[in-house]
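Heads up: the structure comes next, in structure tokens.
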Amino acid sequence: MITIILTYRNRKLTILKRCLESLKMQSNDQFSVVLVDYGSEESFITALSELLEDYSFVSVIKCNLSGQLWNKSRAINIALKQIESPHVFVGDVDMIYHEDFVKKLHELSAKNEVTYFQVGFLDEQESSFDKAFLEYAVNFKSTHEATGMTLFKTEVLKSINAFDEFYHGWGSEDTDVHVRLQHAGFNVHFYDEDLLMLHQWHPKTYREVNDVTPFHSGLEAINAKYLQFTSQTKRTLANENFQWGHYDPNSVKELDKPKMSFQLTNEKSEIIGWIANILLHPIDTVIIATIKPHESYRSLKEKVKKQIGKKVVQCLDFQQLNDLLLETIITKLRHCYYQYSYNAKKEEISLIIKL
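See below:
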């Protein structure tokens with residue numbers, strides 16, 4: 302038996318349906334699918350549940366984490382902690398799989414190596430059609446540099462502490478796990494003898510003007526640099542200071558009842574002091590903080606004082622403040638359960654977190 306792990310959040314259901322239909326048609330049925338719903342909004346959850354009723358081979362792990370940054374590594378690891386099959390394939394919900402794909406997975410699982418697969422990319426128009434796999438017109442194919450879609454021996458993946466949960470947002474987590482496996486002495490093989498999966502086109506996710514969900518525009522670049530240091534230091538183990546693959550629904554529920562409240566401004570000294578004394582202090586409780594502009598922020602009086610060289614109140618730009626808080630969560634508090642929102646238009650940040 303092979304377990305296929307798929308991760309999901311607010312993805313268009315027609316894309317997921319094509320993916321699951323292709324798995325439903327597999328010539329070898331010795332597999333199961335674990336779909337991790339990592340924080341979908343309520344508007345998606347009901348429709349998702351209805352869709353999955355048609356696919357008995359899919360089990361769902363629901364993680365009520367809609368107010369947290371997307372973390373594909375953690376979503377994968379949550380499933381990995383629960384599976385017992387000797388092999389696991391980490392895929393994507395936007396793939397369409399060849400009917401002999403699972404058959405090939407079983408053939409390759411006999412080899413003592415990690416295998417990742419070439420992907421054929423469909424353009425926007427082609428992705429809108431429901432066709433047999435071989436009837437799709439492929440726009441282009443991936444090379445060995447695209448490192449997702451990987452078959453692992455489960456115990457091997459667990460031996461390096463699974464996927465590195467530092468990676469938030471998009472990018473680098475799949476390359477990272479390959480690099481660390483190679484450092485640990487495992488062979489990582491690129492399979493391109495047959496094209497066994499197709500990527501459905503979908504628009505890139507951009508932040509809407511009125512969107513208040515957590516977002517850090519620099520994460521892709523940070524992830525890339527972090528990966529460089531993993532490669533440079535020949536690291537094999539990830540998540541050494543955090544428990545990987547952990548999800549506790551009871552802790553999430555505790556966020557509904559904060560015990561301490563903080564009304565803050567974007568004054569730099571206040572924020573730095575609060576982070577050091579409260580956010581990074583293990584007080585074992587749930588806190589809520591609301592951050593709004595300081596009365597001196599953007600004031601004409603402060604601008605004049607600055608021009609004539611007088612001392613002014615130092616305030617953080619709200620985008621800088623947002624990035625600072627999210628970077629603190631990623632590096633120091635990613636094991637904590639939290640709900641975060643940033644209204645750029647109103648210049649207001651809200652954070653509820655269990656410390």
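FYI, the numbering for the sequence shown is 302 to 656, going by our numbering.
Glycine residues also receive a C-beta, built at the ideal position from the N, C-alpha and C atoms.
Own chain, CB closer than 6 Å to residue i, minus 5 neighbours either side, in chain order
| i | result |
| --- | --- |
| valine 394 | Leu307, Tyr309, Arg312, Leu317, Cys320 |
| serine 562 | Ile589 |
| valine 478 | Phe464 |
| lysine 560 | Thr586, Val587 |
| asparagine 623 | Tyr643 |
| glycine 493 | Note on residue identity: the sequence assigns aspartate, not glycine, to residue 493. The answer, listed in chain order, is Gln419. |
| alanine 376 | Thr308, Val337, Tyr339 |
| glycine 368 | Gln640, Tyr641 |
Rounded separation between residue i and residue j - CA only
| i | j | result |
| --- | --- | --- |
| proline 515 | phenylalanine 434 | 37 Å |
| isoleucine 303 | phenylalanine 402 | 12 Å |
| threonine 444 | valine 420 | 8 Å |
| isoleucine 461 | methionine 450 | 18 Å |
| glutamine 501 | valine 489 | 25 Å |
| serine 428 | arginine 536 | 39 Å |
| aspartate 618 | leucine 627 | 14 Å |
| phenylalanine 332 | leucine 409 | 14 Å |
| glutamine 621 | asparagine 440 | 40 Å |
| glutamine 327 | leucine 353 | 17 Å |
| glutamate 456 | lysine 646 | 47 Å |
| aspartate 330 | serine 357 | 12 Å |
| isoleucine 362 | glutamate 343 | 15 Å |
| lysine 454 | leucine 314 | 30 Å |
| leucine 458 | glutamate 648 | 42 Å |
| alanine 485 | proline 387 | 19 Å |
| threonine 534 | glutamate 446 | 21 Å |
| valine 334 | glutamate 322 | 12 Å |
| proline 550 | glutamate 385 | 22 Å |
| isoleucine 653 | lysine 612 | 33 Å |
| aspartate 355 | aspartate 431 | 17 Å |
| glutamate 521 | leucine 625 | 15 Å |
| glutamate 351 | lysine 526 | 41 Å |
| glutamine 383 | lysine 404 | 24 Å |
Whole-number beta carbon distance between residue j and residue i, since they are thought to touch under 8 Å
| i | j | result |
| --- | --- | --- |
| threonine 448 | aspartate 475 | 5 Å |
| serine 532 | valine 587 | About 38 Å separates the two Cβ atoms, so there is no contact after all. |
| cysteine 298 | glycine 392 | With the chain represented from 302 up to 656, any question about residue 298 goes unanswered, as that position is not in the structure. |
| leucine 366 | valine 415 | Actually they are not in contact, since the Cβ atoms of leucine 366 and valine 415 sit about 28 Å apart, beyond 8 Å. |
| glutamate 555 | lysine 655 | 6 Å |
| tyrosine 468 | asparagine 524 | 5 Å |
| lysine 505 | leucine 581 | Incorrect: roughly 34 Å between the Cβ atoms, too far for contact. |
Residue j beta carbon less than 9 Å from that of residue i
| i | j | result |
| --- | --- | --- |
| valine 359 | leucine 381 | no |
| histidine 399 | aspartate 495 | yes |
| leucine 452 | leucine 406 | yes |
| methionine 324 | isoleucine 346 | In the sequence as presented, methionine is not what sits at residue 324; that position holds leucine. No; because the gap between Cβ atoms is not below 9 Å, this pair is not in contact. |
| serine 651 | tyrosine 643 | yes |
| isoleucine 631 | methionine 498 | no |
| phenylalanine 530 | phenylalanine 418 | no |
| asparagine 413 | asparagine 540 | no |
Residue burial classification, residue i (beta-carbon count within 10 angstroms, cutoff 16)
| i | result |
| --- | --- |
| glycine 470 | buried |
| alanine 411 | exposed |
| glutamine 640 | buried |
| asparagine 542 | exposed |
| leucine 538 | exposed |
| phenylalanine 487 | buried |
| serine 518 | exposed |
| lysine 373 | buried |
| threonine 552 | Before going on, a small fix: residue 552 reads as serine here, not threonine. The residue in question, serine 552, is exposed, as its Cβ has fewer than 16 Cβ neighbours within 10 Å. |
| phenylalanine 390 | buried |
| glutamine 426 | exposed |
| leucine 349 | buried |
| isoleucine 573 | exposed |
| asparagine 578 | exposed |
| histidine 503 | exposed |
Residues of its chain near residue i, where Cβ-Cβ distance is below 7 Å and the 5 sequence neighbours each way are ignored
| i | result |
| --- | --- |
| isoleucine 576 | Thr629 |
| glutamine 564 | Thr591 |
| glutamate 571 | Leu565 |
| valine 614 | Glu568, His595, Ser597, Glu603 |
| lysine 558 | Val587 |
Beta-carbon proximity list for residue i, same chain, < 8 Å, skipping 5 on both sides
| i | result |
| --- | --- |
| cysteine 616 | Thr566, Asn567, Glu568, Lys569, Pro594, His595, Ser597, Tyr598 |
| histidine 636 | Phe543, Gln544, His547 |
| proline 583 | Leu656 |
| tryptophan 371 | Arg310, Tyr339, Gly340, His469, Gly470, Trp471 |
| leucine 528 | Ser473, Thr476, Asp477, Val480 |
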